[in-house]
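**Student:**
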Amino acid sequence: MLSIDTISNNKEETLIGLKKRGFKDLKIIDKIIDLNLSRKKIQQELDQILFESNNISKKISEIFKSGNNDDSVSTLKEKSSDLKLKSKNLSDQLEKTKSDIFELLTTIPNIPDNEVP
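So the sequence shown is numbered by this note's numbering: it starts at 1 and just counts up by one.
#1: Could you check whether S8 and N54 sit closer than 8 Å to each other, using their CB atoms as the reference points?
#2: In terms of residues, what are the limits of the alpha helix (DSSP H) holding N54?
#3: Can at least three beta-carbon pairs, one atom from the segment 37-45 and one from the segment 90-102, be found at a separation below 8 Å?
#4: How long is the line joining the alpha carbons of N10 and I16, rounded to whole angstroms?
#5: Helix, strand or coil: which one does DSSP assign to K24?
#6: Would you say the segment 47-61 touches the segment 70-88, given that touching needs at least three Cβ pairs under 8 Å?
#7: CA-CA distance, D113 and I4?
#8: Taking 8 Å as the cut-off, decide whether the C-beta atoms of S80 and S99 are in contact.
The structure is reproduced here in structure tokens:
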């Protein structure tokens with residue numbers, strides 16, 4: 001099975017190799033590249049949300065350690081629960097995208113070596 005990096009970094013060589021193998025549906029390559037870009041974007045968003053969530057958790061911990069149980073804790077907890085919901089949705093979306101990429105990758109044959117006529 002071809003890797004996403006091979007397809008993305010060597011798109012033209014991959015297309016030429018697939019044509020040699022008689023593979024007809026070359027649009028799959030563009031779909032894979034687009035899905036991979038989408039996966040990277042989702043992963044970045046998820047990482048950012050998890051980073052924010054961790055920072056909020058640290059702030060809540062610091063407030064409890066200092067003994068100040070004021071209204072800011074409930075606001076932070078509310079924001080934290082919103083971020084956790086967003087991260088769950090993004091995680092589901094990320095897994096779906098990864099699954100779609102894998103399904104498409106399994107339909108593509110390996111490309112022949114350049115020395116093969």
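For every residue, glycine included, the Cβ atom is placed at its ideal position computed from N, Cα and C.
The structure presented is a predicted model; accordingly, all values stated were derived computationally and were not measured.
**Tutor:** Looking at the atomic coordinates:
#1: Locating residue 54 in the sequence shown gives position 54, where the first residue counts as 1. Locating residue 8 in the sequence shown gives position 8, where the first residue counts as 1. No.
#2: Taking the sequence shown and counting its residues from 1, the one referred to as residue 54 is at position 54. Where N54 is concerned, the enclosing alpha helix (DSSP H) stretches over K27 to S66.
#3: yes
#4: Translated into the one-based positions of the sequence shown, residue 10 becomes position 10. Translated into the one-based positions of the sequence shown, residue 16 becomes position 16. Answer to the nearest angstrom: the Cα atoms are 10 Å apart.
#5: Position 24 of the sequence shown holds residue 24. Looking at K24 - three-state DSSP - the assignment turns out to be coil, as it is neither helix nor strand.
#6: yes
#7: Here residue 113 corresponds to residue number 113 of the sequence shown, with the count starting at 1. Here residue 4 corresponds to residue number 4 of the sequence shown, with the count starting at 1. Roughly 18 Å separates the two Cα atoms.
#8: Within the sequence shown, numbered from 1, the residue matching residue 80 stands at position 80. Within the sequence shown, numbered from 1, the residue matching residue 99 stands at position 99. Result no, Cβ atoms of S80 and S99 do not sit closer than 8 Å.
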